[in-house]
Amino acid sequence: MGEARTKVPLEELGIADTRLRRAQTGGLLIEIAGANAGTKADSLAERLSALFKEGEEVRVIRPIRRLEFRLVDLDESVTADEIKEAVAARGRVPLSDVRVGPLRPRGGGLNSVWLQCPELCAEVIRKDGGLRVGWSRMRLIPLARRRLQCYRCLAVRHTRVNCRSAVDRSNRCFKCGKEGHKVIDCRASPHCPVCAARNLPAGHRADGDGCAPYNGLVRATVPAAAIVPASGSVSPAQDAMVVDG
Numbered sequence: 001m002g003e004a005r006t007k008v009p010l011e012e013l014g015i016a017d018t019r020l021r022r023a024q025t026g027g028l029l030i031e032i033a034g035a036n037a038g039t040k041a042d043s044l045a046e047r048l049s050a051l052f053k054e055g056e057e058v059r060v061i062r063p064i065r066r067l068e069f070r071l072v073d074l075d076e077s078v079t080a081d082e083i084k085e086a087v088a089a090r091g092r093v094p095l096s097d098v099r100v101g102p103l104r105p106r107g108g109g110l111n112s113v114w115l116q117c118p119e120l121c122a123e124v125i126r127k128d129g130g131l132r133v134g135w136s137r138m139r140l141i142p143l144a145r146r147r148l149q150c151y152r153c154l155a156v157r158h159t160r161v162n163c164r165s166a167v168d169r170s171n172r173c174f175k176c177g178k179e180g181h182k183v184i185d186c187r188a189s190p191h192c193p194v195c196a197a198r199n200l201p202a203g204h205r206a207d208g209d210g211c212a213p214y215n216g217l218v219r220a221t222v223p224a225a226a227i228v229p230a231s232g233s234v235s236p237a238q239d240a241m242v243v244d245g
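Counting from 1, one number per residue, gives the positions in the sequence shown under the UniProt record's numbering.
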């Protein structure tokens, strides 16, 4: 951090207001407030990436707020690649910022697909009333924000960097809890291995609403109704970047 402060003067980038805090992943989060915060965050990320070359211990990330949707009413001729290209083009974002899952059969001979894209991109498509690809106009159904989850033990409300669990479930599907496949390919019924190991109701995904937070510590069971999901989001007035290292 000392080297960054010396070699990347914020004044040169027009940045007058920053706030530092430790992210859930253990990295350092730099929040930039004020007008043109997004552009300034991009510029700072570029300067820091040039300062800390690839392969060094410091990794610079420019976080982007993302939203998840279920795209429905796809005809069978539409492919996942076509959807990805259409979303990126309409939202004017790089292809790498758009994620599309496999096509799933839906009633009436049509398909649906999972979509994740930057928030601003999603707003453009929602204002259009949907997305057109070929002859299909697809509707967007918003999905709930995912809870903060550890991808080592699969429990919620903490991350890998501060996981205290003695059990490593990183090779398991967090929908059914079994090994050998990823959640995107899972066809099994939901079964949470974290709750099952604690003798709690387990008929849900490992990140489901029924999961009580657990980090390898013995504590009273928290009722599902009392759990407040941790969004981990940055306030709308700010943009952020993470220096991880």
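We treat Cβ as the ideally placed atom computed from N, Cα and C, and that holds for glycine. These figures come from a predicted structure and were not determined experimentally.
Taking all protein chains shown into account, L115 has 16 or more neighbouring C-beta atoms within 10 Å of its C-beta and is therefore buried. For E57, there is no enclosing alpha helix (DSSP H), as DSSP marks it with neither H nor E. A residue is called buried when at least 16 other Cβ atoms come within 10 angstroms of its Cβ; N111 meets this threshold and is buried.
DSSP, reduced to helix, strand and coil, places A206 outside both helices and strands of the structure shown, so it counts as coil. In this structure, DSSP gives D73 an extended state, which the three-state scheme calls strand.
A direct Cα-to-Cα measurement between A188 and R104 gives close to 15 Å.
Measuring C-alpha to C-alpha distances from E119 to each of N36, Q149, L67 and L131 identifies L67 as the nearest.
The residue from A197, D73, R132 and C150 with its alpha-carbon nearest to that of R106 is D73. Segment contact: the region 146-160 against the region 75-93, fewer than three CB-CB distances shorter than 8 Å; contact not assigned. Judged by their CB atoms, A206 and P193 are nearer to each other than the 8 Å cut-off. Within the DSSP secondary-structure output, S136 pairs in a beta bridge with V133. For S112, the secondary structure class from DSSP, reduced to helix, strand or coil, is strand. Taking the CA atoms as reference points, R137 sits about 5 Å from L131.
In the displayed model, L29 falls within a strand according to three-state DSSP.
Between H191 and G203, the C-beta spacing is below 8 Å. If only uninterrupted alpha helix (DSSP H) runs of at least 4 residues are considered, those enclosed by the region 137-211 are 193-197.
Per DSSP, the unbroken alpha helix (DSSP H) holding R47 starts and ends at A37 to L51. The alpha carbon of A197 has as its nearest neighbour, out of D209, R169 and K182, the alpha carbon of R169. L71 is positioned such that its CB atom lies no closer than 8 Å to that of V98. With 16 or more other Cβ atoms from the protein chains shown falling within 10 Å of its own Cβ, G27 counts as buried. Of the other Cβ atoms in all chains shown, 16 or more fall within 10 Å of the Cβ of K175; this residue is therefore buried. With a cutoff of 8 Å on beta-carbon distance, G91 and I141 are scored as not near each other. At the C-beta level, R62 and A45 come within 8 Å of one another.
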